[in-house]
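Down below is the structure, laid out as C-alpha cells.
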Amino acid sequence: MSEDTHDRQPAAGTGRKPRVAIVFGGRSSEHAVSCISAGSVLLAIDRDAYDVVPIGISREGRWVLAPDEPAKLAITGGTLPSVEESAGSVVLSGDPTTRGMVVLEPGKVPRELGGVDVVLPLLHGPYGEDGTIQGLLELAGVSYVGSGVFASAAAMDKGHMKALFAAAGLPIGPYAVVTPRDWKDDPVAVRETVAGLGYPVFVKPCRAGSSVGITKVADPADLDDAIETARAQDPRVIVEAAIAGREIECGVLEGLEGGAPEASVPGEIVVSGHEFYDFEAKYLPDEGTRLDVPADLGDDLAEEIRAMACRAFDVLSCEGLARVDFFLDESGRVLLNELNTMPGFTPSSMFPLMWKATGLDYPGLVDRLVRTALARPAGLR
Ligand SMILES: Nc1ncnc2c1ncn2[C@@H]1O[C@H](COP(=O)(O)OP(=O)(O)O)[C@@H](O)[C@H]1O
Ligand SMILES: [Mg+2]
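Residue numbering for the sequence shown follows my numbering, beginning at 1107 and increasing consecutively.
This is how it looks when you write it as C-alpha cells:
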C-alpha cells in the first residue's frame, strides 16, 4: 500500500495542534469492546501531533469527560472496562455556529472544551456505528472519522445491507427478512419461507453485533424460539441459509486524496470448540479461536476478495474504514457476509492485524484515519 508523508493539517488558522475527541463506550452490548479499543488508541495516538480529549458514553447514554488513562480501559483481573458516570457531563450541541463541546458541572458555569477538530467515534453497534452519532456530528458541523449517516445506517441493518449488495450484483447467500408485521400477521408463511431457504439456518437480529442474539437452527421446531431470541435485540430479524466453509475478512481504508479505496491482505477466522463465531469465541481468550493473517488463500483468491471488499465499500458509499467479512463456501465460491463500519480496534483485533500484515502498523493506522477525516470538510462532503 502507499503511505504518503504530507503534513497533518493544523486546526485552520489557529496555529495549534488539531484536537481529536475520542468517543467511546456507548449504549450497545459492545460497550466494553469499545472501551478496550479506546484504551489502545489513547496509548498509540501521536501526542506530538494531536491534542486528545477522551469522552466516554456510559451504558445509560450519559456523555462524560473521561480520564486520559489508557490503563483504566484495559481488562483487569477478568473485569471488563466500562465508562463510569461522573457528576459532570459533556454536551455537543447540534448548532454548527458553536462547533464546540461544553462541560456541565453542577454549580459551575458551563465550560467550553475548545474547538474539537475531529471526532473519532470508536463506538460499535446501535447508537454509535449506525448513523445516529454521525447525524449529531453532521448537525454540529464537526468532522469525524469513518462513514457518514447513510453508509453507517445501511451497514448496521443486515437486511438493507444485503439488498444493496444484491442490487449491485455482489454475491450473497439466500436470506429472508422477517419484519414485526410479518411475524405478527402470518407466522405460518414465515416458517414456509424459511423452510424454502433450507435448514440449517442462521437467525439474527438485523441491527446488532458481536453475534448477540444469533442462533444456528438445524431443526424447524426450534425456529420460533430463535426468532424470539433475535427479536429481543431488534424486532427486525433476518434468516440466512447456513454457508459451510471458511470465514475470511478484509480491511478497507478510504483512498488518500480522493483515490480509490485500498484493501489489506485478507485474514481468516478459524473457530474451534464452538459451533460458529459466537460472542464467547470472539471475546473470551483461550476459547480456541485463531486469527490467521494473512489467510492461506493463493494469490488469485486473495485478489478477488480484496477487489470485492473495495467494491462493497463503494456500494454502500463508505468513508474512512470498514472491515468486510466473507464466506468461502465448500465449492470455492466467495460470498459476502457483512460490512462493519467501525470494526473492533484493539491491536489484537482482526482489522489492525490485517493492516499490520499489509505494512501499516497500529499507530500509523490511527494517524491515517485521523488525517483522512481532517482533510474532509464537514457537511455535504
Ligand atoms: N449464513 C451463515 N452461514 C454460516 N455461518 C454464519 C452465517 N451467518 C452468520 N454465521 C456465523 O455467525 C457469526 C456472526 O454472524 P454475523 O452475521 O457476522 O453477525 P455479527 O454482526 O454479530 O458479527 C459469523 O461470524 C459466522 O461464524
Ligand atoms: Mg460478523
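The beta carbon of each residue, even a glycine, is placed where N, CA and C say it ideally should be.
Quickly, what does DSSP pair D1467 with across the bridge? List them, please.
DSSP, once it has assigned bridges, lists no residue as partnering D1467.
Nearest residue (CA-CA) to D1402, options L1434, F1385, T1395, W1461
L1434
I think M1460 touches S1370, with their Cβ atoms under 8 Å apart; what is that distance to the nearest whole Å?
4 Å
Any heavy atom of ligand 2 closer than 8 Å to the beta-carbon of E1425?
no
For L1475 and L1427, believed in contact at Cβ under 8 Å, the rounded distance:
6 Å
Note down, in chain order, each residue of its chain lying with its Cβ closer than 8 Å to the Cβ of L1228, except the 5 sequence neighbours on either side.
I1128, V1129, F1130, S1140, S1143, A1144, V1147, M1448, F1451
Could you work out which residue in A1324, V1472, G1265 is closest to G1304 when comparing CA atoms only?
A1324
State yes or no: is the C-beta of I1490 nearer than 8 Å to some heavy atom of ligand 1?
With the chain running from 1107 to 1487 in the structure shown, residue 1490 is simply not present.
Check each candidate in F1385, V1421, E1425, E1355 and name the one with the smallest Cα separation from D1398.
E1355
Please report how far the alpha carbon of D1473 lies from the alpha carbon of D1152, in whole angstroms.
7 Å
Quick check on DSSP: helix, strand or coil for M1262?
helix
From which residue to which residue does the alpha helix (DSSP H) around G1438 run?
From DSSP, G1438 is part of no alpha helix (DSSP H); its letter is neither H nor E.
I need the straight-line Cα distance from E1436 to D1174, nearest angstrom please.
48 Å
Flag this pair as touching only if the segment 1345 to 1353 and the segment 1411 to 1419 have three or more C-beta atom pairs under 8 Å; answer yes or no.
no
Cβ contact check for the segment 1322 to 1341 and the segment 1350 to 1367: 3 or more pairs under 8 Å:
no
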